[in-house]
Amino acid sequence: MNSVFVNRIIRACKLDVSLYEEVEADQSATLQAALVVVLSSIAAGIGAISLGASNFLMAPLLSLMSWYIWAYLIYFIGAKLFPEANTEADHGQLLRTIGFSSAPGLIRIFGFTPELMSITFIGSGIWMMVAMVVAVRQALDYQSTWRAIGVVIIGFLVQAIVLVMLIRIFGPS
1 MNSVFVNRII RACKLDVSLY EEVEADQSAT LQAALVVVLS SIAAGIGAIS LGASNFLMAP
61 LLSLMSWYIW AYLIYFIGAK LFPEANTEAD HGQLLRTIGF SSAPGLIRIF GFTPELMSIT
121 FIGSGIWMMV AMVVAVRQAL DYQSTWRAIG VVIIGFLVQA IVLVMLIRIF GPS
């Protein structure tokens with residue numbers, strides 16, 4: 001991995017606002033953002049290995065799909081339903097910023113025992129949500145952090161409702 005990429009991951013974990021502005025503007029960073037999502041997913045798989053390895057290979061693919069859908073959902077909610085006066089964004093900008101907001105999930109690799117898994121997964125989940133709020137605020141050019149929090153929460157609830165519906169329709173009976 002090159003040093004620019006590693007530096008971006010570190011800055012994303014530090015919640016560096018300028019990093020999120022940088023990747024928002026850098027159209028070539030979409031592949032890097034996807035790689036952060038995949039690495040975070042792999043770290044979670046390694047960290048949760050005590051639960052079994054059956055979904056280890058499928059998790060990165062599902063994470064990429066979820067990331068793509070999540071970015072579009074946030075784009076729609078934040079840029080179309082609840083924009084601020086100076087909001088200008090596209091799906092790619094949200095893909096890049098939200099992808100890098102997955103960087104704190106890399107600590108999940110340390111969850112290799114049940115005791116460590118709980119703390120690393122809860123801690124990284126909170127850290128990733130905070131990073132996502134920063135990412136959304138920057139990508140949507142919001143002045144209000146509260147608006148970004150609201151958009152992330154609404155997006156989470158919509159995604160959760162759809163997931164529950166899909167599980168009820170296609171899940172075990």
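Read the sequence shown against the numbering used here and you will find it ends at 173, with the numbers running on by one and no gaps. For each residue, glycine too, the CB sits at the ideal point set by N, CA and C.
Buried versus exposed call for residue i [16 or more other C-beta atoms within 10 Å across all chains shown]
{"i": "residue 153", "result": "exposed"}
{"i": "residue 193", "result": "The requested residue 193 does not occur in the structure, where the chain is confined to residues 1 to 173."}
{"i": "residue 133", "result": "buried"}
{"i": "residue 111", "result": "buried"}
{"i": "residue 12", "result": "buried"}
{"i": "residue 88", "result": "exposed"}
{"i": "residue 85", "result": "exposed"}
{"i": "residue 167", "result": "exposed"}
Proximity winner among the options, relative to residue i (alpha-carbon distances)
{"i": "residue 5", "options": "27, 36, 14, 15", "result": "36"}
{"i": "residue 114", "options": "38, 47, 7, 33", "result": "47"}
{"i": "residue 80", "options": "107, 126, 140", "result": "140"}
{"i": "residue 147", "options": "31, 136, 42", "result": "136"}
{"i": "residue 94", "options": "72, 8, 126", "result": "72"}
{"i": "residue 76", "options": "155, 8, 10, 169", "result": "155"}
Beta-carbon separation (whole angstroms), residue i vs residue j, contact threshold 8 angstroms
{"i": "residue 103", "j": "residue 40", "result": "7 angstroms"}
{"i": "residue 78", "j": "residue 33", "result": "Not confirmed; about 17 angstroms, so no contact."}
{"i": "residue 247", "j": "residue 44", "result": "In the structure as shown, the chain starts at 1 and stops at 173, and residue 247 therefore has no counterpart that could be examined."}
{"i": "residue 20", "j": "residue 97", "result": "5 angstroms"}
{"i": "residue 63", "j": "residue 38", "result": "7 angstroms"}
beta-carbon residue i near the ligand SAM non-hydrogen atom, thresh 7 angstroms
{"i": "residue 136", "result": "For the structure depicted, the ligand SAM is absent and the ligand set is empty, with no information on it obtainable."}
Which runs of the alpha helix (DSSP H) at least 4 residues long sit entirely within the region 113-170? Give them in chain order. 114-139, 145-170
Contiguous alpha helix (DSSP H) assignments of at least 4 residues, all confined to the region 9-53: 17-25, 30-47
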